[in-house]
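Q:
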Amino acid sequence: MLISWLHLINWIILLIVVLVALFSKRPTTSKVSMIIARICYLIALGTGLLLLGGAYAAAPVLTIIKVVAALLLIVVIELAFAWRLHHRLNKMWIYLTLFLLLLVGFMGIYLAGGYPF
Ligand code: HEM
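Numbering-wise, our numbering comes out as the position in the sequence shown, counting from 1, plus 80.
1) Near ligand 1, which residues have their beta-carbon closer than 6 angstroms to a heavy atom?
2) As an exercise, report each continuous beta strand (DSSP E) stretch of at least 3 residues that is fully enclosed by the region 89-122, in chain order.
3) Does DSSP put Met-81 in a helix, a strand or coil?
4) What is the DSSP secondary structure of His-166, counted as helix, strand or coil?
5) For the alpha helix (DSSP H) holding Ile-185, just list the boundary residues, first then last.
6) When the distance is taken between beta carbons, is Ala-117 closer than 7 angstroms to Val-98?
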């Protein structure tokens, strides 16, 4: 239960820091948010691995899709950060990043059976 909450709260924090990293006009704020996002990946990985067994037993296919989508999300966010730093980030990539962030979160909540809500 605690792990599930940590995983969920970590998603909300990641959502906020990614938005700040991509949209803040202040370079320092943006860079600090990128560092916090990287800590969020580690927490997502750690807590996600602990949740894996139970979820896989209940819904193996969706669990695999969720984990692959989560790993893809990390790559997509990192590319968005890199392009932001080089002033080459376009709107399409921002939409893709936000779409995947929401998709992975809602897939996770569905997997958890709506829990802990
Ligand atoms: C940045 C990446 C990730 C995000 C944003 C994310 C987000 C979420 C969210 C919001 C939930 C719902 C939690 C709940 O309602 O309790 C969830 C569930 C889950 N996530 Fe992730 N996750 C990420 C990475 C991972 C990784 C890397 C793994 C596996 C190694 C993983 C495995 C799971 C599993 C197994 C569940 C279902 C938990 C259950 O059945 O209680 N997640 N995820």
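Every residue, glycine too, gets a C-beta built ideally from N, C-alpha and C.
This one's a predicted model, so the numbers in the text were calculated from it and none came from an experiment.
A: Result, derived from the coordinates:
1) Ser-84, His-87, Leu-88, Trp-91, Leu-94, Tyr-121, Ala-124, Leu-125, Gly-128, Leu-129, Leu-131, Leu-132, Gly-134, Ala-135, Thr-143, Lys-146, Val-147, Ala-150, Leu-153, Ile-154, Val-184, Gly-185, Gly-188, Ile-189, Leu-191, Ala-192, Tyr-195 and Pro-196
2) none
3) coil
4) coil
5) With the sequence shown as reference, residue 185 is identified as Gly, and Ile is not the correct amino acid for it. 171-191 is the span of the alpha helix (DSSP H), which, as asked, contains Gly-185.
6) yes
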